[in-house]
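Peer 1: Here's a structure for you.
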Amino acid sequence: MDNSSGNNIQQTAATSGQQNPADTGASGVRRKAVVIGGNRIPFARTGGAYARSSNQDMLTAALDGLVARFGLQDERIGEVAAGAVLKHSRDFNLTRESVLGSALSAETPAYDVQQACATGLETVVGLANKIKLGQIESGIAGGVDTASDAPIAVSEGLREVLLSVSRAKSLKEKLTAVSKLRPKDLAPDAPSTGEPRTGLSMGEHQALTTAHWEISREAQDELALASHRNLAAAYGRGFFDDLVTPYRGLSKDSNMRPDTTMEKLAKLSPVFGKNLGQGATMTAGNSTPLTDGASTVLLGSEDYARSRNLPILADVVDAEAGAVDFVHGKEGLLMAPVYAAPRLLARNGLTLEDFDFFEIHEAFAGTVLSTLAAWEDAGFCRTRLGLDKPFGKVDRSKLNVNGSSLAAGHPFAATGGRIVATLAKMLHEKGSGRGLISVCAAGGQGVVAILEAR
Amino acid sequence: MSSVRLPEIPSLSRLYLAAAGAAAKNRVTGGQRRLSLPAVRHEVHSVTVDVERLTQYQHLLHEPARDVLPSGFIHAVAFPVAMSVMTDEDFPLPLLGMIHLRNHVEHSRPIQFTEPLDIAAWPENLSGHRAGTQMDMVVEVSVGADLVWRGVSTYLAKGVYLPGIDSLRDEQDSRGDFAPPAPTAQWRLGLDTGRSYAAVSGDFNPIHLSGVAAKALGMRRSIAHGMYLASRVLATARPDGAEAFNWDIEFGAPVFLPGTVALSVKDRNERQEQWQGVDYVAWNPRSSRKHFSGSVTAM
Numbered sequence: 001m002d003n004s005s006g007n008n009i010q011q012t013a014a015t016s017g018q019q020n021p022a023d024t025g026a027s028g029v030r031r032k033a034v035v036i037g038g039n040r041i042p043f044a045r046t047g048g049a050y051a052r053s054s055n056q057d058m059l060t061a062a063l064d065g066l067v068a069r070f071g072l073q074d075e076r077i078g079e080v081a082a083g084a085v086l087k088h089s090r091d092f093n094l095t096r097e098s099v100l101g102s103a104l105s106a107e108t109p110a111y112d113v114q115q116a117c118a119t120g121l122e123t124v125v126g127l128a129n130k131i132k133l134g135q136i137e138s139g140i141a142g143g144v145d146t147a148s149d150a151p152i153a154v155s156e157g158l159r160e161v162l163l164s165v166s167r168a169k170s171l172k173e174k175l176t177a178v179s180k181l182r183p184k185d186l187a188p189d190a191p192s193t194g195e196p197r198t199g200l201s202m203g204e205h206q207a208l209t210t211a212h213w214e215i216s217r218e219a220q221d222e223l224a225l226a227s228h229r230n231l232a233a234a235y236g237r238g239f240f241d242d243l244v245t246p247y248r249g250l251s252k253d254s255n256m257r258p259d260t261t262m263e264k265l266a267k268l269s270p271v272f273g274k275n276l277g278q279g280a281t282m283t284a285g286n287s288t289p290l291t292d293g294a295s296t297v298l299l300g301s302e303d304y305a306r307s308r309n310l311p312i313l314a315d316v317v318d319a320e321a322g323a324v325d326f327v328h329g330k331e332g333l334l335m336a337p338v339y340a341a342p343r344l345l346a347r348n349g350l351t352l353e354d355f356d357f358f359e360i361h362e363a364f365a366g367t368v369l370s371t372l373a374a375w376e377d378a379g380f381c382r383t384r385l386g387l388d389k390p391f392g393k394v395d396r397s398k399l400n401v402n403g404s405s406l407a408a409g410h411p412f413a414a415t416g417g418r419i420v421a422t423l424a425k426m427l428h429e430k431g432s433g434r435g436l437i438s439v440c441a442a443g444g445q446g447v448v449a450i451l452e453a454r
Numbered sequence: 455m456s457s458v459r460l461p462e463i464p465s466l467s468r469l470y471l472a473a474a475g476a477a478a479k480n481r482v483t484g485g486q487r488r489l490s491l492p493a494v495r496h497e498v499h500s501v502t503v504d505v506e507r508l509t510q511y512q513h514l515l516h517e518p519a520r521d522v523l524p525s526g527f528i529h530a531v532a533f534p535v536a537m538s539v540m541t542d543e544d545f546p547l548p549l550l551g552m553i554h555l556r557n558h559v560e561h562s563r564p565i566q567f568t569e570p571l572d573i574a575a576w577p578e579n580l581s582g583h584r585a586g587t588q589m590d591m592v593v594e595v596s597v598g599a600d601l602v603w604r605g606v607s608t609y610l611a612k613g614v615y616l617p618g619i620d621s622l623r624d625e626q627d628s629r630g631d632f633a634p635p636a637p638t639a640q641w642r643l644g645l646d647t648g649r650s651y652a653a654v655s656g657d658f659n660p661i662h663l664s665g666v667a668a669k670a671l672g673m674r675r676s677i678a679h680g681m682y683l684a685s686r687v688l689a690t691a692r693p694d695g696a697e698a699f700n701w702d703i704e705f706g707a708p709v710f711l712p713g714t715v716a717l718s719v720k721d722r723n724e725r726q727e728q729w730q731g732v733d734y735v736a737w738n739p740r741s742s743r744k745h746f747s748g749s750v751t752a753m
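What follows is the structure, given as structure tokens:
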């Protein structure tokens with residue numbers, strides 16, 4: 001499908017309603033892919049409990065917890081897919097190396113995925129599809145990120161000199177190459193959250209979107225407060241007991257502030273969009289901090305789960321990726337899920353009314369609230385989404401009910417696994433209904449997915 | 455046997471200095487050696503490990519960075535207590551220049567890094583060796599009433615012959631017979647291997663730190679710590695599922711730094727069986743001299 005222009009988005013959302021995902025695919029009858037459970041390590045603010053831990057350390061720890069929880073010791077899993085957004089080049093085989101260090105069978109294959117903050121959700125989608133096609137019986141999806149142990153590259157100047165030296169044959173050539181080195185070349189090149197094509201950080205991009213949708217400071221702080229309270233309440237009633245394994249002395253997400261208040265949040269100064277004057281509403285309190293952590297999700301066919309007496313929490317029904325043109329200012333950087341969700345729901349014959357839970361990743365409170373505002377806006381839905389009436393209203397009592405990234409933190413690639421495992425458990429506890437997941441990502445991308453209770 | 459309760463893990467560098475002082479004093483005074491091991495055990499209670507040091511150790515030795523303690527790490531944590539016994543005035547053998555011959559460890563259950571460890575060390579089995587006199591250092595690590603880790607390290611004081619202790623007749627010298635198997639791994643060990651391991655283990659024995667320091671102590675070049683080799687082979691040979699296991703290592707020719715070590719790790723298992731054990735051997739790929747060999751087996 002070509003969704004590169006607004007025009008095509010309209011056509012897609014309007015015309016794809018007849019297609020049913022339960023239809024048989026080219027290879028025959030599709031079967032279901034189910035979420036069996038999940039495990040993550042608590043998320044830690046950068047420089048905290050996992051300051052010395054690498055991506056491989058944390059992903060291995062999350063895998064080991066999953067193995068212990070579901071008795072997967074020495075088991076050959078169909079495939080493990082995971083990834084990290086900030087990744088050392090030496091970690092090219094991060095997931096496979098983590099599997100080799102874990103208690104899984106060394107005969108378990110693995111591959112790495114990178115789709116910025118949507119990495120974790122995309123690993124779930126990819127493995128669920130393989131299960132539905134009958135290519136694998138079981139899969140472990142996951143993601144990890146560390147901003148503490150971030151890769152730091154040498155400058156472009158130094159890199160060129162080093163490569164020239166290694167190519168040089170004679171001492172004279174080597175010296176000539178080295179003589180091209182300038183003092184500024186010795187400064188390291190640290191990763192940033194800036195968009196390569198705009199030079200704006202993610203926060204600065206979101207600040208523009210937040211201002212465009214006139215999202216108030218108070219509304220953002222309220223969402224942040226709810227996130228902390230919901231997450232703390234979920235920990236309080238033991239909801240995470242079978243979803244989280246302690247690591248390095250940490251047993252709860254270290255960013256969580258159960259006792260924060262509107263007053264405390266109101267005292268924080270804006271950190272993004274400061275040139276917007278009155279429109280400067282985004283603070284450290286209503287934006288996610290840099291975080292370290294890892295998450296995993298165990299997926300399987302129904303047969304796999306039943307034959308091993310494993311729980312079936314939810315079906316992975318369907319998913320859709322989207323992307324927007326933020327480079328030319330047509331749309332906000334983090335708004336791709338706003339477009340992807342209507343297409344996904346239309347294809348499945350569903351509306352927002354048909355959902356019992358909404359898991360909208362809180363990259364920033366402004367992202368969530370801009371998304372909700374756009375879906376309620378008749379003009380936007382007509383011109384941008386090609387819908388003859390507003391896409392709909394998300395019932396706030398169904399939104400991120402056990403907290404989300406503002407409270408838990410957001411180790412980029414680990415967020416998808418956190419959300420899928422959390423939502424699957426919520427659906428299973430309820431015993432019926434559906435949940436919608438929405439994750440925005442750098443590069444103007446996003447992935448949305450539907451889970452259904454079992 | 456009498457017990458000496460130390461208030462905390464002693465500083466290894468201070469123990470090395472004390473050992474050097476004792477050696478110098480002995481040379482000057484020609485001091486008399488005792489002919490038996492002191493009947494004493496040194497103990498430290500409620501030792502907790504530093505998680506940052508644990509992580510550094512796990513990264514250096516290529517161990518998955520779990521919350522449970524690697525077996526070699528426990529040896530490193532307990533080693534100063536053993537050293538404390540060996541630097542005791544009544545200890546009959548000179549500590550400096552002692553050669554680590556072998557290790558036998560029984561690791562009975564996973565040990566979380568948060569568990570407080572009670573460590574006790576004492577010497578046993580003073581006996582003859584064709585090249586001098588050997589003895590065992592026994593180290594026991596307990597959590598509460600549970601003995602969780604027990605290690606016996608055998609050391610040789612080369613060239614030290616004590617009256618009344620027969621030196622053994624020539625043991626089989628396997629140097630000539632060793633035919634290396636196909637390697638399963640190759641380690642390239644840099645000059646800094648000794649310094650890096652010293653930083654995480656606290657074992658700053660000068661023969662591992664630099665060529666100059668090693669020459670001063672009669673070595674051609676600096677050599678890798680035996681426990682670096684043991685811990686690293688354990689990290690690769692022990693299957694991740696094995697929770698209770700025994701491991702053994704016998705050291706041969708020292709590994710000079712920098713150097714390359716060829717390694718063969720062989721699983722005793724046929725497929726689909728309960729894990730039984732792994733045998734390993736390491737050698738110099740150029741000279742085919744054996745550096746070390748041993749096994750990890752299910753308990």
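Listed in order, the protein sequences are those of chains X and U. For the first sequence, this note's numbering begins at 1 and goes up steadily by one. For the second sequence, this note's numbering begins at 455 and goes up steadily by one. Glycine is no exception: its CB is placed at the ideal position from the N, C-alpha and C atoms. In this text, all values refer to a predicted model and were calculated from it rather than measured experimentally.
1. Taking 8 Å as the CB-CB cut-off, is residue 578 of chain U touching chain X?
2. Would you verify that the beta carbon of residue 26 of chain X is, or is not, closer than 8 Å to some beta carbon of chain U?
3. I believe residue 635 of chain U touches residue 742 of chain U by the beta-carbon criterion, under 8 Å. Please report the beta-carbon distance rounded to the nearest angstrom.
4. Going by the DSSP bridge assignment, what does residue 298 of chain X pair with across the sheet?
5. By the 10 Å Cβ neighbour count, where 16 or more other Cβ atoms means buried, how is residue 400 of chain X classified, buried or exposed?
6. Specify, as a first and last residue, the run of the beta strand (DSSP E) that residue 729 of chain U falls within.
7. Under 9 Å, CB to CB, which of the residues in the stretch 519-533 of chain U have a partner in chain X?
8. Quick check: is the beta carbon of residue 134 of chain X nearer than 8 Å to any beta carbon in chain U?
9. Per the DSSP calculation, residue 737 of chain U is bridged to which residue(s)?
10. Taking C-beta pairs closer than 7 Å, name the residues in chain X that residue 751 of chain U reaches, listed in chain order.
11. Taking residue 505 of chain U as the query, report the chain X residues whose CB atoms sit under 9 Å from its CB, ordered along the chain.
12. Out of X/84, X/373, X/395, which one is the CA nearest neighbour of residue 355 of chain X?
13. Where does residue 511 of chain U sit, in a helix, a strand or coil, going by DSSP?
14. May I ask you to report which of helix, strand or coil DSSP gives residue 470 of chain U?
15. At a CB distance below 9 Å, what residues from the stretch 90-113 of chain X approach chain U? Give them in sequence order.
16. In the stretch 285-306 of chain X, which residues sit with their C-beta less than 7 Å from some C-beta in chain U, listed in chain order?
17. Could you give the residue range of the beta strand (DSSP E) that holds residue 577 of chain U?
18. Can you find at least 3 beta carbon pairs, one from the stretch 447-454 of chain X and one from the stretch 299-318 of chain X, that sit closer than 8 Å?
19. So who's on the other strand from residue 251 of chain X, going by DSSP bridges?
20. With distances taken between CB atoms, is the gap from residue 519 of chain U to residue 145 of chain X smaller than 8 Å?
21. What residues from chain X crowd round residue 510 of chain U, counting only those whose CB sits closer than 9 Å?
22. Return no unless some Cβ of chain X is closer than 8 Å to the Cβ of residue 694 of chain U.
23. Name, in chain order, the residues that DSSP records as bridge partners for residue 609 of chain U.
24. If you draw a straight line from the C-alpha of residue 289 of chain X to the C-alpha of residue 572 of chain U, how long is it?
25. Output, in sequence order along the chain, the residues in the stretch 60-81 of chain X whose CB is closer than 8 Å to any CB in chain U.
26. Beta-carbon of residue 259 of chain X versus every beta-carbon of chain U: anything under 8 Å?
27. If we count the other Cβ atoms within 10 Å of its Cβ and call it buried at 16 or more, is residue 152 of chain X buried or exposed?
28. Just to make sure I have the definition right: I need the residues of chain U whose C-beta is within less than 9 Å of the C-beta of residue 57 of chain X. Which are they?
29. Residues of chain X with a CB under 9 Å from the CB of residue 638 of chain U: which are they?
30. What do you get for residue 325 of chain X, buried or exposed, if any count of 16 or more other CB atoms within 10 angstroms of its CB means buried?
31. When the Cα atoms are used, what is the spatial distance from residue 423 of chain X to residue 502 of chain U?
32. Give a yes or no on whether the C-beta atoms belonging to residue 593 of chain U and residue 536 of chain U are separated by under 8 Å.
33. Which residues, in order along the stretch 563-575 of chain U, keep a beta-carbon less than 9 Å from a beta-carbon of chain C?
34. Using the C-alpha atoms, what's the distance from residue 591 of chain U back to residue 575 of chain U?
35. Going straight from the alpha carbon of residue 584 of chain U to that of residue 61 of chain X, what length do you get?
Peer 2: Well, looking at it:
1. Here residue 578 of chain U refers to the residue found at position 124 when the second sequence is read from its first residue. Chain X, which has no Cβ nearer than 8 Å to the Cβ of residue 578 of chain U, makes this no.
2. For the purposes of this step, residue 26 of chain X is taken as residue 26 along the first sequence, with counting starting at 1. At residue 26 of chain X, the pLDDT of 46 sits below 50, so the modelled position is not reliable; the number obtained from the coordinates is stated separately. Closer than 8 Å: no.
3. Residue numbering aside, residue 635 of chain U sits at position 181 when the second sequence is read from its first letter. Residue numbering aside, residue 742 of chain U sits at position 288 when the second sequence is read from its first letter. Rounded, the Cβ-Cβ distance is 11 Å, inconsistent with contact.
4. Numbered from its first residue, the first sequence carries residue 298 of chain X at position 298. DSSP links residue 298 of chain X through a beta bridge to X/37, X/140.
5. Sequence index remark: in the first sequence, residue 400 of chain X carries index 400 (1-based). Around the beta carbon of residue 400 of chain X, 16 or more other beta carbons lie within 10 angstroms, which makes this residue buried.
6. As a working mapping, residue 729 of chain U is identified with position 275 in the second sequence. No beta strand (DSSP E) contains residue 729 of chain U, which DSSP labels as neither H nor E.
7. For the stretch 519-533 of chain U, residues whose beta-carbon sits nearer than 9 Å to a beta-carbon of chain X comprise 519, 520, 521.
8. Mapped onto the first sequence, residue 134 of chain X falls at position 134. No, because no Cβ of chain U sits closer than 8 Å to the Cβ of residue 134 of chain X.
9. Counting from one through the second sequence, the residue named residue 737 of chain U turns up at place 283. DSSP output for residue 737 of chain U lists U/716, U/744 as bridge partner(s).
10. To locate residue 751 of chain U, count along the second sequence from 1; it is residue 297. In chain order: nothing, as chain X lies at least about 17 Å away.
11. Along the second sequence, read from residue 1 onward, the residue named residue 505 of chain U stands at position 51. At a beta-carbon threshold of 9 Å, the residues of chain X lying near residue 505 of chain U are 49, 52, 248, 249, ordered along the chain.
12. As a first step, residue 355 of chain X is located in the first sequence; it is residue number 355 there, counting from the start. Cα-wise, what sits closest to residue 355 of chain X is X/395.
13. Within the second sequence, numbered from 1, the residue matching residue 511 of chain U stands at position 57. Reduced to three states, the DSSP call for residue 511 of chain U is helix.
14. Against the second sequence, residue 470 of chain U aligns to sequence position 16. Helix at residue 470 of chain U.
15. Answer in chain order: 98, 100, 101, 102, 103, 104, 106.
16. Answer set for the stretch 285-306 of chain X: empty.
17. Translated into positions along the second sequence, residue 577 of chain U becomes position 123. Unbroken beta strand (DSSP E) run through residue 577 of chain U: 571-583.
18. At 8 Å Cβ cutoff, the stretches touch.
19. Position 251 of the first sequence holds residue 251 of chain X. Bridge partners of residue 251 of chain X: none, in fact.
20. To locate residue 519 of chain U, count along the second sequence from 1; it is residue 65. To locate residue 145 of chain X, count along the first sequence from 1; it is residue 145. Cβ atoms of residue 519 of chain U and residue 145 of chain X: not closer than 8 Å.
21. As a working mapping, residue 510 of chain U is identified with position 56 in the second sequence. Within 9 Å Cβ-Cβ: 52.
22. Locating residue 694 of chain U in the second sequence gives position 240, where the first residue counts as 1. Chain X contact via Cβ: present.
23. Looking up residue 609 of chain U in the second sequence gives position 155. U/554, U/589, per the DSSP bridge assignment.
24. What you label residue 289 of chain X is simply residue 289 of the first sequence in a count that begins at 1. What you label residue 572 of chain U is simply residue 118 of the second sequence in a count that begins at 1. Distance between the alpha carbons of residue 289 of chain X and residue 572 of chain U is about 40 Å.
25. When CB distances to chain U are screened at a threshold of 8 Å, the residues of the stretch 60-81 of chain X falling below it are 60, 61, 64, 73, 74, in chain order.
26. The sequence position of residue 259 of chain X within the first sequence is 259, counting from 1. Not an interface residue.
27. Taking the first sequence and counting its residues from 1, one reaches residue 152 of chain X at position 152. That one is exposed.
28. Counting from 1 along the first sequence, the entry for residue 57 of chain X is found at position 57. By Cβ distance, chain U contributes 509, 512, 513, 518, 519, 520.
29. On the second sequence, position 184 is the one that residue 638 of chain U refers to. In chain order: nothing, as chain X lies at least about 13 Å away.
30. Translated into the one-based positions of the first sequence, residue 325 of chain X becomes position 325. It counts as exposed.
31. If you number the first sequence from 1, residue 423 of chain X lands on position 423. If you number the second sequence from 1, residue 502 of chain U lands on position 48. Rounded to whole angstroms, the gap between the alpha carbons of residue 423 of chain X and residue 502 of chain U is 38 Å.
32. By one-based count along the second sequence, residue 593 of chain U stands at place 139. By one-based count along the second sequence, residue 536 of chain U stands at place 82. By the CB criterion at 8 Å, residue 593 of chain U and residue 536 of chain U fall inside the cutoff.
33. Structure shown: chain C not included; protein chains present are X and U.
34. Here residue 575 of chain U corresponds to residue number 121 of the second sequence, with the count starting at 1. Here residue 591 of chain U corresponds to residue number 137 of the second sequence, with the count starting at 1. Put simply, the backbone Cα of residue 575 of chain U is about 7 Å away from that of residue 591 of chain U.
35. In the second sequence, counting from the first residue as 1, residue 584 of chain U sits at position 130. In the first sequence, counting from the first residue as 1, residue 61 of chain X sits at position 61. Going by the C-alpha atoms only, they are around 48 Å apart.
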